[in-house]
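**Student:** Numbering (mature numbering (1 follows the signal peptide of the UniProt record, and there is no 0)), first residue to last: -16 to -1, 1 to 436. Built from N, CA and C at the ideal position, the CB exists for glycine as well.
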Amino acid sequence: MKKILYLFLLTLVVFAGCKKSSFESVFDKSPEDRIGDAINLVNTTLTSAPNGWIATLPTSAGGGYGFYMDFTADQKVTMYSDISDVAMATAATSTYRVTSGLGASLSFDTYNYLSVLQDPKGAVFGGVQGSGFSSDVEFTYVRSTPDSLIMVGRQFRQPLVLVKATAAQKAAYVAGSYKTAIDKFKTFFTTTANPYIEIVSGSTTLKAGISVNASNNMSSGKRVSFTGLLADGVTTASGIAKFAFKVDAMDLLGSGLVYQGVTFVKFAWKDATTLALYDSTGKEYIIKSNPTPLLAFKTLFKYNGAYNGIMITGRNLPLGVTSGWNALWTSQIASYDLNNVSMESMQFRLLTATTAKLEVWFVSGTTRYLADASYTYTINDDIITLSNYVPSASNANWNNGWVVTAIKNYFITAPTFKLDWVVSSNSSVSGLAGLYKVSDPTNFYYGVAIKN
């Protein structure tokens, strides 16, 4: 006990002997000095990049966006952006400041292309009234590398990533090549039928279909999605990420697009005509084309599914398809021509889990008319069977000759069909689906698969 008391008293003596002046902070600078250093670092780094910066920013409510920025010491920044065709090719100069906040803060304090994303007027860019795309114009410094600055939005916490541009990249932006590069990416995805990549998973090679939405629609635009079947041939997998266009790539933002354990980070051209995806390890995946979508039509065609209708628009059937239906359609158009009536559209669609409808819209003079009939349906695997045919009671057009008898009978006589994609011999035609008569598979109603 005496020994314990002795040690306690000795400890008190040691503490009492410590002078206030002997305390040393674990930090060698005050908080003010550290913030000042961060401000100087950001200012110097921004203005010392001789070729400017390539920047990307995902928005909180919408997709991702790309920018080129060139900062000068007089607090001016010149910008290009992929937010619009004009912004891709037209430089806009505004002002910026680097100040203290919760660390060094970069503020774009006059209206520019970044400001468009947060514009509170919905009519300006299609955002939510009052909050736009939920994006920032003030960013807090997070970290830097020799060739990049990482910042985060003050309010919506989205990462603004700036990477030093090369002389060649700067020249491309200034020369207007940004729009040309973006148009090339867009053209690839509009002309390549059902693009996909192959991913090796164990002993199986999986195919992942790629869908790119390059629009500025807030809920779905500037996003890339993958969908495919797994090794069992039944289970589907998917992944989605926001993206931004750069002058030489399409970057998948945030943590990239993760699909079956692989993190994909960008699209880039392997050569002049070959587009590839690259994962976080640098592995290359060439984008290929499939005649039909990778997923069976039966898995997507539901009243509440990815597609619920098959539509023919106008008087002409989709090119490159041979079917017994073609003769029926020719008869329908000939009937309209005799009566100076024009075909607007014909659509077979699933209204509910049990009710389907065939809708025919036609125009006489300047007036649109509808002729329609409903059916009860059941689906078993890829087979749909119709019954309980009922012409619409709301109009008499169905029974007044505006739908030819052969087409009426197509959906009444032996009304059992296989649901499947339709392949056109014309490479520019894709997205077709059909109802193949089980009794005669060469006779199938077909059109563009749609969701409405």
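1. Compute the Euclidean distance between the alpha carbons of Gly238 and Gly116, then round it to the nearest angstrom.
2. Using a threshold of 7 Å, is the CB atom of Asp93 nearer than that to any non-hydrogen atom of the ligand GDP?
3. Can you tell which of Pro302, Asp120 and Ser195 has the C-alpha that lies nearest to the C-alpha of residue 458?
4. Does DSSP classify Lys341 as helix, strand or coil?
5. Helix, strand or coil, according to DSSP, for Gln153 in the structure here?
6. May I ask which residues mark the beginning and end of the alpha helix (DSSP H) holding Gln316?
7. By DSSP, does Leu30 sit in helix, in strand, or in coil?
8. According to DSSP, what are the bridge partners of Gly431?
9. Compare the Cα-Cα distances from Pro130 to each of Phe210, Thr29, Asn197 and Glu343 and report the closest residue.
10. DSSP on Cys2, reduced to helix/strand/coil?
11. Closer than 8 Å is the cut-off here; do at least three beta carbon pairs connect the segment 277 to 296 with the segment 399 to 408?
12. Starting from Phe169, trace the alpha helix (DSSP H) both ways and give me its first and last residue.
13. For Val347, which residues from the same chain have a beta carbon less than 6 Å from its beta carbon, with the 5 sequence-adjacent residues on both sides left out?
14. Is it right to say Thr43 is buried, meaning 16 or more other beta carbons lie within 10 angstroms of its own, or is it exposed?
15. What's the gap between the Cα of Thr56 and the Cα of Ser78?
16. Quick one: what does DSSP say Ser99 is sitting in, helix, strand or coil?
17. Between Val387, Gly304, Ala39 and Glu182, which lies nearest to Phe210 when the distance is taken from Cα to Cα?
18. According to the Cβ coordinates, are Gln139 and Leu41 closer than 8 Å?
19. Between Leu419 and the rest of its own chain, which residues show a CB-CB distance below 8 Å, the 5 nearest in sequence each way excluded?
20. Using the three-state DSSP reduction, which class does Leu278 fall into: helix, strand or coil?
21. Beta-carbon within less than 7 Å of Gly415's beta-carbon, same chain only, minus the 5 sequence neighbours each way: which residues are those?
22. Relative to the alpha-carbon of Asn200, which residue among Ala107, Tyr262 and Lys254 has its alpha-carbon at the smallest distance?
23. Tell me, to the nearest whole angstrom, how far the beta carbon of Asp120 is from that of Ala228; I am working on the premise that it is less than 8 Å.
24. Note down the Cα distance separating Arg81 from Ser32, rounded to an integer number of angstroms.
25. Along the chain, which unbroken stretches of the alpha helix (DSSP H) at least 4 residues long are found entirely within the segment 53 to 110?
26. Return the first residue and the last residue of the beta strand (DSSP E) that Thr189 is part of.
27. Are Leu190 and Gly223 close, meaning C-beta to C-beta below 8 Å?
28. What residue range is occupied by the uninterrupted alpha helix (DSSP H) comprising Asn393?
29. Return the chain-ordered list of same chain residues with a C-beta closer than 7 Å to the C-beta of Ala165, the five sequence neighbours on each side being excluded.
30. Run the CB neighbour count on Tyr52, radius 10 Å, all protein chains shown included, and call it buried at 16 or more, exposed below.
**Tutor:** According to the structure shown:
1. The straight-line gap from Cα to Cα measures roughly 20 Å.
2. The ligand GDP is absent from the structure shown, which contains no ligands of any kind.
3. Since the first and last residues shown for the chain are -16 and 436, residue 458 lies out of range.
4. strand
5. The answer is helix: DSSP assigns Gln153 an H, G or I state.
6. Trp309 to Leu322
7. helix
8. Ala417
9. Restricting attention to Phe210, Thr29, Asn197 and Glu343, the CA atom closest to the CA of Pro130 is found in Thr29.
10. Confidence at Cys2 is low in this model, with a pLDDT of 42, below 50, so its placement is unreliable and no value can be given for it.
11. yes
12. Looking at the DSSP string, the run of the alpha helix (DSSP H) that includes Phe169 is Ser161 to Thr175.
13. Ser326 and Glu328
14. buried
15. 11 Å
16. Ser99 falls in the helix class under three-state DSSP.
17. Glu182
18. no
19. Ile294, Phe332, Ile368, Phe401, Lys402, Leu403, Phe428, Tyr429 and Tyr430
20. Secondary structure of Leu278 (DSSP, three-state): coil.
21. Val432 and Ala433
22. Nearest C-alpha to Asn200: Ala107.
23. With a Cβ gap of about 15 Å, Asp120 and Ala228 do not count as contacting.
24. 15 Å
25. 69 to 73, 97 to 100 and 106 to 109
26. Thr188 to Asn197
27. no
28. Thr389 to Tyr394
29. Result list for Ala165: Val231 and Asp232, in chain order.
30. buried
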